[in-house]
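Note that the protein sequences, when read in sequence, are chains A, B and C.
Quick note, the first sequence lines up with residues -16 to 217 if you use the working numbering.
Quick note, the second sequence lines up with residues 873 to 1147 if you use the working numbering.
Quick note, the third sequence lines up with residues 526 to 758 if you use the working numbering.
In what follows, a single structure is set out as structure tokens and then discussed.
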Amino acid sequence: MTILPLTVDGVAYEAGGRRLLSGVSFTLNAGAPTLILGPNGAGKSLLLRLCHGLLTPTEGRIRWAGGDGRRRHAMVFQRPVMLRRSALANVTFALRAAGVDGANARRAAADALDRFGMADLAWRPARVLSGGEQQRLAMARAWALRPEVLFLDEPTAFLDPGAARIIEEMIAAFSAEGVKIVMTTHNLAQARRLAQEVLFLHRGELVEAEPADAFFSGPKTEAAAAFLRGDLFW
Amino acid sequence: MDITKRLFLLAAAFAALGFAPKAADTATETIVVASTTSTEQSGLFGHILPLFKAKTGIEVKVVAQGTGQALDTGKRGDADVVFVHAAADEKKFVDEGFGVRRFPVMYNDFVIVGPKSDPASAKGLSAAEGLKAIAAKGATFASRGDNSGTHKAELALWKAAGADPKGQPWYRELGSGMGPTLNASAQLAAYTLTDRGTWISFKNRGDLAILVEGDKTLFNQYGVMLVNPQKHAHVKAKAGQAFVDWLISDEGQAAIASYKISGEQLFFPNAKDGA
Amino acid sequence: MDAPTAFSTAFALILNGDAALVDILRLSALVTLSAVAVAAVIGLPLGAALALARFPGRGAVIVALNALMGLPPVVAGLALYLLLSRSGPLGELGWLFTPKAMIAAQAILIIPIVASLTRQTLDDLWREYEEQFRSLGVSMGSAMAALLWDARFSLVTVILAGLGRASAEVGAVLIVGGNIAGHTRTMTTAIALETSKGDLPLALGLGLILIAVMVILNGATFAAALWARRVAG
Chain A
-16 MTILPLTVDG VAYEAGGRRL LSGVSFTLNA GAPTLILGPN GAGKSLLLRL
34 CHGLLTPTEG RIRWAGGDGR RRHAMVFQRP VMLRRSALAN VTFALRAAGV
84 DGANARRAAA DALDRFGMAD LAWRPARVLS GGEQQRLAMA RAWALRPEVL
134 FLDEPTAFLD PGAARIIEEM IAAFSAEGVK IVMTTHNLAQ ARRLAQEVLF
184 LHRGELVEAE PADAFFSGPK TEAAAAFLRG DLFW
Chain B
873 MDITKRLFLL AAAFAALGFA PKAADTATET IVVASTTSTE QSGLFGHILP
923 LFKAKTGIEV KVVAQGTGQA LDTGKRGDAD VVFVHAAADE KKFVDEGFGV
973 RRFPVMYNDF VIVGPKSDPA SAKGLSAAEG LKAIAAKGAT FASRGDNSGT
1023 HKAELALWKA AGADPKGQPW YRELGSGMGP TLNASAQLAA YTLTDRGTWI
1073 SFKNRGDLAI LVEGDKTLFN QYGVMLVNPQ KHAHVKAKAG QAFVDWLISD
1123 EGQAAIASYK ISGEQLFFPN AKDGA
Chain C
526 MDAPTAFSTA FALILNGDAA LVDILRLSAL VTLSAVAVAA VIGLPLGAAL
576 ALARFPGRGA VIVALNALMG LPPVVAGLAL YLLLSRSGPL GELGWLFTPK
626 AMIAAQAILI IPIVASLTRQ TLDDLWREYE EQFRSLGVSM GSAMAALLWD
676 ARFSLVTVIL AGLGRASAEV GAVLIVGGNI AGHTRTMTTA IALETSKGDL
726 PLALGLGLIL IAVMVILNGA TFAAALWARR VAG
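Here it is in structure tokens:
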């Protein structure tokens, strides 16, 4: 039983009298990663939050084919949010919230840390880990939940290149295990490495939804071309 | 979250401990006596209550308040016995059915104290003459102003002296108990009316001294009453009556007479012939 | 000057292990610690709920709670007195002039302090956690517990603030406790009594002992929290 595809139908979002997204429609299918690209303020993070259910659209519908799979999709944020307790306890907490009972949660959490080579960090207070370690922990925490879809909001934006590469490897590993990756990034090289499909947002509207090869080799809109040239970057 | 839960349980258990009745409370019978600050602070209860407990096994808990408040505590049913000094109010208390019967127990007397320099030259006068002199001179006078027995006695003395100090700049209404009023008087170099018992046991006299004493009008009668169990069913009538009976018995009267500070007797039992 | 006499009085009381003093200290500790425990059991979850919940009138509740932090003890004491009086609605309990009434009075005074300071402490933490918790589908109850646990070292200070107010309080416990020797006489009411008896050195001596106890209690709590923080991270 799968929750995909995800249908986003005519979604708009307004806040404080400003229209931040309008008329966004697309379908997310299982498979290789989908990257959401666009200049700053295009509404990328907002779209992720709407899909993940953290926000409710003011117009339109967001529908999971397999019903509302609230527990079947997870999200990793730009800045990892760590509870003031051990690395292991952070993962256990997420599993307990997902309804896994105590002993099983503990075992699954330890497995998740093992899986990504973080077993030696298990008892360290999560808040004193480095930025890269915290983001790896956030990834492991998301993985432990066994999501079918994982939303990633600029997961490497604040990391040095070495740490960013480890996160990227983790993303690739998730994808290889069949987890559908939906991710925003500012890093075009990273997007080229990971993306199979690209959603390009510009001024709150979805202007291109293309296979990655087609998007990067021949953008259809002037906005996307300017973005790829770097003219729209900041 | 197990640890949080455990912490809460621990706190809850501790809280419950505070509310659990102490074993001692159930073993001995206790009564609550509403009395006046003057009797409590003079140390009289500390002297006589152990004797009463040794005899009857009944523990007496004294709540020391002004006479007005003590009578109110009795009216509300929050005390079993009321032991105060304001004869007229006590009679009213019994007439209204709040008390069973009033028994005179003992007396002491009031004295007028003031600065040794005695600016109003009140020393040696009668109470009425002394107050008149204070009013004429406009010397500072500190009044309890708290509706206590002492306050009521003071107002009656002013009336007898034919003077009305109310609102005069030299007349200070403190709204305090006897001790705080004496503390303030020492600081203000003021005259004030106090019962002799509190005065003798009071330690912070500063420059104050007794200036007027021995006048019949300064006589201070104490009475005791059982709170009417017909008004308040929970009143411990038997134990309360036992305390009343003991106070006016030869044994209780002797105990009162034997209380002395620095060789000076503070209270004079008069259950047989008192008013 | 009274101060030297006060110090020697305080030392004499302690050195002699004065029985009455020990009783008074024990009752003070029982009343104050019980009140703090009651206030913690009620105030911590209340503060956490206020930090998390969004409902109409939340602002008004917060303002009211903050205002209650300054509730005059005499007013709280009087209100409780009228409630607990045999002629009052809760007279059946028979709590008036017992330590129970004193615990209730102090708890009423410090619940607003604990709840209000807890809410302030947890507000910031919740702002940080909220999105992650909603992503994880954490229930309201678990979120409250998680916030309280994660802020535990800051909340120690909140509890100490409540403890400070409770132990310094005299107005309310005097009214509902009655300051009965050997039953409801605490450090503060004993100090008030000795002051009105004009025995200022004894009053001040008792005050010094009270201050010393509070310093020791606060110091021990501070050290314990510091140690726990180092161990727990």
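Ideal Cβ placement from N, Cα and C applies to all residues, glycine included.
Values in this document were obtained by computation on a predicted structure and should not be read as measured data.
Worksheet item: Run through DSSP, which three-state label would K933/B get?
Response: strand
Discussion item. Taking beta-carbon pairs under 7 Å, can you tell me which members of the stretch 97 to 131 of chain A lie near chain C?
Written reply: P108 and V111
Discussion item. Assuming F198/A is part of the alpha helix (DSSP H), what are its boundary residues?
Written reply: A195 to S200
Worksheet entry | Partner residues on chain A for S654/C, Cβ-Cβ distance less than 7 Å | As written in the sequence, residue 654/C is Tyr, which differs from the Ser given in the question. Residues of chain A passing the Cβ test: V64.
Discussion item. Less than 8 Å between C-beta atoms, sequence neighbours within five positions excluded: which residues of the same chain meet that for T39/A?
Written reply: L33
Practice prompt. Let me know if S1134/B comes out buried or exposed under the rule of 16 or more other beta-carbons within 10 Å of its beta-carbon.
Written response: exposed
Worksheet item: With C-beta atoms as the reference, is A25/A less than 7 Å away from L182/A?
Response: no
Worksheet item: Which residues bound the beta strand (DSSP E) around V983/B?
Response: G971 to P987
Fill in: Whole-Å CB distance - Q1093/B paired with A959/B, under 8 Å assumed
6 Å
Discussion item. Taking 7 Å as the threshold (C-beta atoms), are R1016/B and M1097/B in contact?
Written reply: no
Worksheet item: According to DSSP, is L142/A helix, strand or coil?
Response: coil
Discussion item. Taking 7 Å as the threshold (beta carbon to beta carbon), is R1016/B in contact with chain C?
Written reply: no
Practice prompt. Determine the contact status of A15/A and L(-13)/A, defining contact as a CB-CB distance below 7 Å.
Written response: no
Worksheet item: Is it true that the CB of A906/B sits closer than 7 Å to the CB of V954/B?
Response: yes
Worksheet entry | Burial state of A531/C (16 or more Cβ within 10 Å) | buried
Discussion item. If distances are taken between C-alpha atoms only, which option among L609/C, L661/C, I638/C and I635/C comes closest to A626/C?
Written reply: L609/C
Practice prompt. Kindly indicate if chain C contains any beta-carbon less than 7 Å away from that of P1052/B.
Written response: yes
Item to complete: For E679/C, return the contacting residues in chain A, with the cut-off set at a CB-CB distance below 9 Å.
Response: According to the sequence provided, residue 679/C is Ser. The question's Glu does not apply to it. Ordered by position in chain A, no residue passes the 9 Å Cβ test against S679/C, which lies about 10 Å from the chain.
Discussion item. Using a 10 Å radius around the Cβ and a threshold of 16 neighbouring Cβ atoms, would you call T720/C buried or exposed?
Written reply: buried
Worksheet item: So the alpha helix (DSSP H) Y1131/B belongs to, where does it begin and stop?
Response: Careful: Y1131/B lies outside any alpha helix (DSSP H) and carries neither H nor E.
Item to complete: Please confirm if D724/C has its CB atom under 7 Å from at least one CB of chain B.
Response: yes
Discussion item. Taking the alpha helix (DSSP H) that H1023/B belongs to, which residues open and close that run?
Written reply: G1021 to A1033
Worksheet item: So which of A564/C, M665/C, A545/C and I741/C has the shortest CA-CA distance to R579/C?
Response: M665/C
Worksheet item: So, do the stretch 564 to 574 of chain C and the stretch 640 to 647 of chain C have three or more beta carbon pairs nearer to each other than 8 Å?
Response: yes
Discussion item. With DSSP as the reference, identify every bridge partner of H185/A, one or two as the case may be.
Written reply: E188/A
Worksheet item: Is there at least one Cβ from chain C nearer than 7 Å to A77/A's Cβ?
Response: yes
Worksheet item: Can you list the residues of chain C that M58/A reaches, using a CB-CB cut of under 7 Å?
Response: S660
Worksheet item: What is the DSSP secondary structure of D1018/B, counted as helix, strand or coil?
Response: coil
Discussion item. Taking CB distances under 7 Å as the criterion, tell me whether S664/C reaches chain B.
Written reply: no
Practice prompt. Assign V65/A to one of three DSSP states: helix, strand, or coil.
Written response: Note that residue 65/A is Met in the sequence shown, not Val. If DSSP states are grouped into helix, strand and coil, M65/A belongs with coil.
Worksheet item: Which of helix, strand or coil does DSSP assign to R176/A?
Response: helix
Item to complete: Apply the 10 Å Cβ neighbour rule to P225/A and answer buried if 16 or more other Cβ atoms are within range, or exposed otherwise.
Response: Limits of chain A in this structure are -16 at one end and 217 at the other, which puts residue 225/A out of reach.
Practice prompt. Indicate whether at least one CB of chain C lies closer than 7 Å to the CB of A80/A.
Written response: yes
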